[in-house]
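The opening residue of the sequence shown carries number 192 in our numbering; numbering runs sequentially from there.
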Amino acid sequence: MFTKQRIIKTVKTVLPKPVIEAIRSRRTPSRNNLVAWDGTSVQSDAEQFRSSRIVADQIDGMLSPFSMAAMDSLLSLQATNPEIYGNIVEFGTYKGRSAAIIAPRVRPSEKFVLVDVADYLQVEKIRAINAGMEFILCRSEEFRSRYPDYKQLRKNCRFIHVDSSHAYRTTFEEIKMCNELLSPGGIAVFDDYTNLNYSQVLPAIYKYIYTANPDLAVFMVTDIKAYVCRKKYLNYYLSFILQGAVPSMAARGIEDAMISRTDWDREYRAIYLRTRSAGETGSYYGEEIYGRFYEGP
Ligand SMILES: C[S@@+](CC[C@H](N)C(=O)[O-])C[C@H]1O[C@@H](n2cnc3c(N)ncnc32)[C@H](O)[C@@H]1O
């Protein structure tokens, strides 16, 4: 037997079982790491979402019904957790379609800061939902120096929607700011992540995550967006995707949502949320082959 295997065998006989279990659960998806999802408010949250959609649908813009439902599901999840706190920022508002979905979820004590390089925003429509909304007319790259209360936002934002130019340098600067601004339980959402007309979004995100070594991880991807959180909350958000994403999407009118996960690695554990393709059934892609990847975060 090789020395390494001999050492592992000896360690296994010496260490108590709970310690071995703990080590194992750090290397594979484990039920032990699953944070239980409380789905009791899913229907009432979805009801509120239907009202926001009516407003969003009246505003010209790019956000799809799928993304509206996915973003709102996560904003609702955050609302049920008193440990998740912070302000809300959007880079790239256009006329305010995505802002109309986010606005009703902003808590009274939180700032709602919208940033755009051009003056397209239908301010009155968003202020009718959130009177305290602040609109900052500048490039997102300049936000740090242009927004007077930037310091107050540091480590103090729970939701950041990035939907501006999608240029490589801009996205790199935006993810860098997300790392400065996100609170421990915060989420950053990057639009056009898988739109290869903007293929530079992918390298900008991953260069930052894997070379600047921030405390960030992609936890969910969709056909258009990447969802990023701090590593401390990775199990929390992955647990929600595994248990709550499909029912939350269904309650918001996306009845054919499913999840897909075909690998699990300490360096990458994201789950793909999408709609079923023709002929597909169930909620898990390739469950008979990849079933173990759906057991835990
Ligand atoms: C795709 S649209 C945003 C769509 C919007 N989120 C929605 O849901 O309809 C992109 C917006 O980003 C703005 N933009 C472009 N470059 C920017 C930059 N460097 N900083 C901030 N905003 C920028 C554009 O003016 C435009 O309004």
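For each residue, glycine too, the CB sits at the ideal point set by N, CA and C.
- Of the other Cβ atoms in all chains shown, 16 or more fall within 10 Å of the Cβ of tyrosine 384; this residue is therefore buried.
- Counting along the chain, valine 353 sits inside the beta strand (DSSP E) bounded by residues 348-353.
- Within the DSSP bridge table, the entry for isoleucine 327 names Val306 as partners.
- If the five residues before and after lysine 422 are omitted, its C-beta is found closer than 6 Å to the C-beta atoms of Asp406 and Ala408, all from its own chain and listed in chain order.
- In this structure tyrosine 401 is exposed. Its beta-carbon is surrounded by fewer than 16 other beta-carbon atoms within 10 angstroms.
- Where leucine 393 is concerned, the enclosing alpha helix (DSSP H) starts and stops at 392-402.
- Around the beta carbon of leucine 328, fewer than 16 other beta carbons lie within 10 angstroms, which makes this residue exposed.
- Proximity of the beta carbon of phenylalanine 350 to ligand 1 is not indicated: no heavy atom of the ligand is located closer than 7 Å.
- The three-state reading of DSSP puts glycine 230 in helix, counting H, G and I together.
- Non-local beta-carbon contacts of leucine 312 in its own chain, meaning distances under 6 Å to residues more than five positions away in sequence, involve Thr284, Gly287 and Phe326 in chain order.
- Valine 280 has its Cβ no nearer than 7 Å to any heavy atom of ligand 1.
- The nearest non-hydrogen atom of ligand 1 is 7 Å or more from the C-beta of arginine 345.
- Following the DSSP letters along the chain, one finds phenylalanine 381 inside the beta strand (DSSP E) bounded by residues 373-381.
- Distances between the C-beta of alanine 309 and the heavy atoms of ligand 1 include at least one below 7 Å.
- Ligand 1 approaches methionine 253 closely enough that one of its heavy atoms is under 7 Å from the residue's Cβ.
- Restricting attention to Ala448, Asp310, Arg318 and Ile432, the CA atom closest to the CA of isoleucine 293 is found in Arg318.
- Between valine 308 and isoleucine 279, the C-beta spacing is not below 8 Å.
- The alpha-carbon of isoleucine 351 is positioned some 15 Å away from that of histidine 357.
- Going by beta carbons, phenylalanine 431 and aspartate 354 fall outside the 8 Å limit.
- The beta carbon of glutamine 434 sits closer than 7 Å to those of Trp228, all from its chain and outside the five residues before and after it, given in chain order.
- DSSP, read as helix, strand or coil, puts valine 419 in strand.
- Rounded to the nearest angstrom, the gap between the Cα atoms of isoleucine 320 and isoleucine 445 is 24 Å.
- Residue state for isoleucine 250 is assigned as coil, using DSSP reduced to three classes.
- Excluding residues up to 5 positions away in sequence, Pro375 and Gly376 lie with their Cβ nearer than 7 Å to the Cβ of tyrosine 424 in the same chain.
- Short of 6 Å from the beta carbon of glutamate 486, and not among the five residues preceding or following it, lie these beta carbons of its own chain, in chain order: Pro220 and Arg222.
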